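Engineer: Line order of the protein sequences matches chains H, U and L. In case it helps, the numbering used here puts the first sequence at residues 1 to 159. In case it helps, the numbering used here puts the second sequence at residues 160 to 307. In case it helps, the numbering used here puts the third sequence at residues 308 to 1220.
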Amino acid sequence: EKADRDQPVHLEADRATVQDANKLATFTGNVVLTQGTLIIRADKMTVKEDTNGFQHATAFGNLASFRQKRDGKDEYVEGWSERMEYDSKADKVELFKKAKLRRGQDEVYGDYISYDAINEFFQVIGGNNQTAPQARSEGRVRAVIQPKKKEQNPNAESR
Amino acid sequence: CGFQLRGQATLPFETLFISAPAGHPIGTDLKRLVKAGTKTRIVGEAKTAQATLEIISVTNDKEIMSVSGGGRVREFELRYRVSFRLINAKGVELIPTNEIALRRIIPFTDAQVVAKEGEEAMLVREMQGDSAAQIVRRMEAVKTASAQ
Amino acid sequence: ETPSTESKNKQERVARPAQKETNGNKPVLIDTEPIRGRHEYETEAKGDADLRSSSVISAEERPDNLPESIRPKPQQNYTSPAVKNAPAKNEPTVGVSAVDAEHKENQPVTAGVESVAEHALHEGEPALRTTTKRPSGIAATPPQEGSRLAMPGPEMGKNRFARTETDQIRGHFEQESDFKLRLGGQVEPDTGTRVGVAGAPVESAKNKPIFVAADRLQGHPGRDIEAIGKAELTNGDQFISADRMKYYETTEDAEAEGAVRVEQRGDILEGSRLKFNLASKTGELSQPSYQLKDASSRGSADLLRFEGENKYRLQHATYTTCPAGDESWFIQVTNIVLDNSTKTGTARGVKLTFKDVPLFYTPWMSFSYGKERKSGLLAPTYGTNVKTGLELTLPFYWNIAPNYDATISARMMSKRGVALNNEFRYLTKYSSGTALLDVLPYDLDTKHNRWRTSFWHDQNLTNGWWSRLDYNRVSDDNYFRDLGNNLNLTSRTNLLQQGVVGYNRNLGEEGTLSLTAMAQQFQTIQDPLATIVAPYKRLPQATLIINKPNVFGADFNFLGSGTNFSHPTLVSGQRLVLFPSVSYPMQSAFGYITPKIGIHHTRYYLDALGTSPESNPTRTLPLFSVDTGVMLDRNIALRGEQFTQTLEPRLFYVYVPFRDQSSLPNFDSAKTDFSFAQMLTENRFSGSDRINDANQVTFALTSRLIEPGSGKERLRLAVGQQVSFTDRRISLDAPNTISRRPDFIAAVSGFITPTISTDSSMQFDQRMFRTEVVRSGLSYRPEPGKVINVGYRFTRDVLHQVDASSQWRWAEKWQTVARINYSLQDHRILEGLAGLEYNSCCWSLRFVVQHLTTATQRTTTAAFLQLELNGLMQIGSNPLQVLQRSIPGYTQIGSQGSSPVEGPQSGEHRLSQ
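1) In the DSSP assignment, find the unbroken alpha helix (DSSP H) run with residue 789(L) in it and report its ends.
2) What residue range is occupied by the uninterrupted beta strand (DSSP E) comprising residue 92(H)?
3) Quick one, which residues of the region 11-34 of chain H are near chain L if we go by CB-CB under 8 Å, in chain order?
4) Starting from residue 168(U), find everything on chain L with Cβ-Cβ shorter than 9 Å and list it in chain order.
5) With H, G and I counted as helix, E and B as strand and the rest as coil, what does DSSP make of residue 794(L)?
6) Is residue 236(U) close to the ligand COA? I mean its beta-carbon at under 7 Å from any heavy atom of the ligand.
7) Take residue 589(L) and list the residues in its own chain whose beta-carbon comes closer than 7 Å to its own, dropping the five residues that flank it on each side.
8) I need the DSSP call for residue 184(U), collapsed to helix, strand or coil.
9) Within the continuous beta strand (DSSP E) that includes residue 304(L), where are the two ends?
10) Which residues of chain L have a Cβ atom closer than 7 Å to the Cβ of residue 125(H), listed in chain order?
11) If the cut is a Cβ gap below 9 Å, which residues of chain H does residue 295(L) touch?
12) For residue 1013(L) and chain U, any beta-carbon pair shorter than 8 Å?
13) Closer than 8 Å, Cβ to any Cβ of chain H: which residues of the region 644-666 of chain L, in chain order?
14) Rounded C-beta distance between residue 261(U) and residue 289(U)? I'm assuming under 8 Å.
15) Which whole-angstrom value describes the C-beta separation of residue 167(U) and residue 896(L), a residue pair presumed to lie in contact below a C-beta threshold of 8 Å?
16) Under three-state DSSP, which class holds residue 419(L)?
17) Going along the chain, which residues of its own chain have a beta-carbon closer than 6 Å to the beta-carbon of residue 261(L), five neighbours each way excluded?
18) Counting C-beta neighbours from all protein chains within 10 Å, is the total for residue 6(H) 16 or more, i.e. buried, or is it exposed?
19) Let me confirm a value: residue 754(L) is counted as buried when at least 16 other C-beta atoms fall within 10 Å, else exposed. Which label applies?
20) Are at least three pairs of beta-carbons, each pair with one atom in the region 541-549 of chain L and one in the region 560-575 of chain L, less than 8 Å apart?
21) Is the CB of residue 93(H) under 8 Å away from at least one CB in chain L?
22) Quick test of your reading: residue 528(L) and residue 91(H), contact by CB under 8 Å. State the CB separation rounded to the nearest angstrom.
23) With a threshold of 16 other CB atoms inside 10 Å of the CB of residue 534(L), please say whether the residue is buried or exposed.
24) Taking 8 Å as the threshold (C-beta atoms), are residue 86(H) and residue 100(H) in contact?
25) Would residue 266(U) pass as an interface residue toward chain L - the criterion being a Cβ-Cβ separation below 8 Å?
26) Establish whether the CB of residue 206(U) and some CB of chain L are separated by less than 8 Å.
27) Are the Cβ atoms of residue 231(U) and residue 1062(L) separated by less than 8 Å?
28) Whose CA, out of 53(H), 62(H) and 3(H), lies closest to the CA of residue 80(H)?
29) Going straight from the alpha carbon of residue 822(L) to that of residue 710(L), what length do you get?
30) Secondary structure at residue 535(L), three-state DSSP: helix, strand or coil?
31) Please state whether DSSP places residue 1030(L) in a helix, a strand or coil.
32) Within 8 Å (strictly less), CB to CB, does residue 519(L) reach chain H?
33) Checking the sheet assignment: what are the DSSP bridge partners for residue 975(L)?
34) Can you give me, in chain order, the residues of the region 786-812 of chain L that have a beta carbon less than 7 Å from any beta carbon in chain U?
35) Please list, in chain order, all residues of the same chain as residue 173(U) whose beta carbon is under 8 Å from its beta carbon, the five residues on each side excluded.
36) Leaving aside the five residues before and after residue 302(U) along the sequence, list all residues of the same chain whose C-beta is less than 6 Å from its C-beta, in chain order.
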């Protein structure tokens, strides 16, 4: 949700090391970062705080995952990847390598996925595309769109 | 010169059912030949028979063989074709579907069109007897009833 | 249809005119048409009896159910989500939906991730379901079904010549209707009218997941997704690829640009821009070029409009069935609708171009590319003929119902005007028939109306009763000679007009009883230069034949017939014939002796004729015969091959006392040909009016070479000698019968070498010491499609001819057919025929030249050309078809995908139950 940007960021982990000099904290072991409805889970995460307090987190995991509620909809967007960059100021998540984004039952795969929560815009880029930094898988991105039930209200969660 | 009397033919099955098109005389010819020439018994239906001889179809047709100088027919060719197959109780084909085709020539003049009916019927019946004999001889050539 | 071998119960004989056992004037109708005592039966509903069609009449190929055939793409490795058979409410069973994950809050995160990973594995790998039933290649055109009256229709016979009087002239050539009528028990749904696709209930494409792949994806979740760079979208059996593609989830619209390629069910459509709605399967593809699998056709257009699952509509399109790169023919249309459910195409504003030459234009045209019989135009035939001038025949096939059809052709003749030939066929559970009417309203030459009609009906009246009607009539004597185009028509002299009702049943285990009542007469069309005496009319004739074998070891046989013969000029009257006989067959494995004795009683009630008063002559005479034979065999080796050779000597003695028959009329007796069949019977005259006096013995010796493995007869030699102890005093003074009688006969038939076979016989008169009859034929058949036959036929004072015919397939595409029948006696060609057929992969061209003797000093020369475009103009029957059959050993090599050897006639349509 948009409101997540102004929420405080909580972090839990088995271990944490902090280097105050360059405001860099590294958490390892079952790391969980929550900010409002956003939850990021990873095996290892480094968090950097910029001058005016916005965090920039880089998560690593054997598929680190993130989950965030969509704005005004009772629906969640989830993502998985080996490396995840989160910029709390822009409320934008970038997933690298074996990236997968899912909304309801629709899913998108690729080497690099960026999801801008504010205007709910995602971008998926394959490996051989120069914009994706160092991804090098066979370069194709894929999406699966599940058929919608026509009579069901599109935004109601179909449970 | 090596010729001996033909021995009792042994068909590789004791009971045989002949399924011929209903009412067709080739069925009676075959029954008579099997009874006379072999030790095999003819039975009433396929269930109890060790083998079934299926006469799939019998057709005869007539084609112009030669015409006179004035374009009138002088000879017809009568063709008689029987297609048959032999299957054992389990439905395995001992003789796969195949066909015996015979032909006879009958001279013809238009004035005797009515009379030629009798001659044509005689020729057809002779071909029928001939093909029945050939079918029985083919059955005699089948080695074992329970072909794998 | 697997042959159902359930045996009909003994009593209820299926109504087929059983071939009567005894001789005498059996009401088996022969005359110029096939033996009406047709024995075409089948134990199952299969109608056409020859071997070939039994393999052909496979169940009508079920229209495929909608195969989910996604063209396998190498780099796509989708596995279908486990949701393949999505539960009703479309909830994907696989995914751990977001809400679930929340409940498992207290579970360690890794579990969540793991299940998610496993989920991803599932999700990311949609399996490619390729269930294409048919090779998706374009090549396989659906094989054409054979065309015969399937059940229980008359035997169309391999050769239309054999067809009954009801041979019809459809178009110039006698075109056998080649369409298959089907009579379902419950009338089989005519696939033509059934909309939608049969087969397994098909998941509508709507609730199928959509897979998108590209170099780059972007969009708004739940609203739209844009794929850039080699974009591909797969939905159910549809696959779309393009440079860029956008998909709107809410409206399920897809738009694609740049090298758009759509593949569905084997059809490949390419174009520049596509707008397509995945739900309603409608949309447009601009500048399309297309390849359709079912129609095996291709072409390009300005616009292709998808109209539902199975329908394409193309604007300003070209259409051809020739493979890519082969521009032999194509049609340009303003618009064409291709409906895959009924496999039919309807085009408007059609311009046909063949080898860059525009052939014809038609505002409207409909054709069928499937096997289903489809009303529509058949391949036209162009030609010239001495009698009828330039000709064009346009047959139109009307598929009324699975078991009714009609073929109407307009035959335009420059010298005669326009004739309309109609043939209507029908098939019901118990009857089948053909009605034919050819009308030439105004013959430009003879200035009046000429017509020809023939009606044939076969009825099974159940429990043993059957009936058959066979009526043929023409408007004038020269009808066939002027308008007929093949020997089988032009040689007609007596047109049969007959109705028969019969009853057959069994008598105990093997006995048979058959009763037939018949009315028969002929329309005799005279050749003015060679008039003949019209045959007697039999109005009516009743015949009873009883055959009861092994009653205390003896076989009883009875023939009784009462006939009313009438004739305009000759003596008319009634005749009663009673001919009981008994024989006592003593048979064993190696031989038999069969004495037989019969009493032949005939009584006439003759009307007065001219000077001779009424009279009731009678004749009663006994017949006695003994038939004995022995069978010997031995094994021999010939040229390295093992054979069983049989030797079958046979002796046949006949004694019939002389009875003066000069005062008896001759209604239906004639001299029979001295053949192996005839010389072993009691009477050398057919019919019942003349019983020969005989005290003769006939000796016959037959030797066969039998292949031990299969029991097949490879070669047969036979000689026969008849010795008469008294000189025969009964003769038949009918016109042009020869009094002399051959008494020695020799015959050989079978394979001399694996490819050369012969069938020759010779009759010799020892008293006059000269040959009476020679009939010899040699045929060389190295492989199917290649046969050469040569024949020499001589009958003293009757005919002296040589005959050569050949079908030769020069190359994959070229085939020639030729026949020449030269009369040495008349020093001219009686029948000459030459045909050329070129079968390219998507079209065939046939050319026939023919020369016929139609009457004394009257001949017809005709030439014909037929162009058949596969899959567009379904072929009615090709001009060669009728002639090809006159080549013994001819193999049908259809152009429309029929198998080389035993394939069905191309384009045939079958009446089947």
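Cβ coordinates follow ideal geometry from the N, Cα and C atoms, glycine included. All of these numbers come straight from a predicted model, not from anything done at the bench.
Structural biologist: Judging by the given coordinates:
1) 786-790
2) 92-103
3) 30 and 32
4) Those are 896, listed as they occur along chain L.
5) helix
6) Because no ligand of any kind appears in the structure shown, any question about the ligand COA cannot be addressed here.
7) 613, 614 and 615
8) helix
9) Residue 304(L) lies beyond the stretch modelled for chain L, which goes from 308 to 1220, so this question has no answer here.
10) 523
11) Residue 295(L) lies beyond the residue range present for chain L, which begins at 308 and ends at 1220; the question has no answer from this structure.
12) At least one C-beta of chain U is nearer than 8 Å to the C-beta of residue 1013(L).
13) none
14) 6 Å
15) Here residue 167(U) really is in contact with residue 896(L); their C-beta atoms are around 4 Å apart, less than 8 Å.
16) Confidence at residue 419(L) is low in this model, with a pLDDT of 29, below 50, so its placement is unreliable and no value can be given for it.
17) No information on residue 261(L) is available, as it lies outside the stretch 308 to 1220 that chain L covers here.
18) Residue 6(H) comes out exposed.
19) exposed
20) yes
21) Chain L contact via Cβ: absent.
22) The pair is not a contact, with the Cβ atoms about 15 Å apart (cut-off 8 Å).
23) Buried, because 16 or more other Cβ atoms sit within 10 Å of the Cβ of residue 534(L).
24) Not a contact, by the Cβ cut-off of 8 Å.
25) yes
26) no
27) no
28) 62(H)
29) Straight-line measurement puts the Cα of residue 710(L) at about 31 Å from the Cα of residue 822(L).
30) strand
31) In the displayed model, residue 1030(L) falls within a strand according to three-state DSSP.
32) yes
33) The partner list for residue 975(L) (beta bridge, DSSP) is empty, contrary to what the question assumes.
34) 794, 795, 797, 798, 800, 801 and 811
35) Within its own chain, the residues whose Cβ lies closer than 8 Å to the Cβ of residue 173(U), once the five positions on either side in sequence are excluded, are 198, 199, 200 and 209, listed in chain order.
36) none
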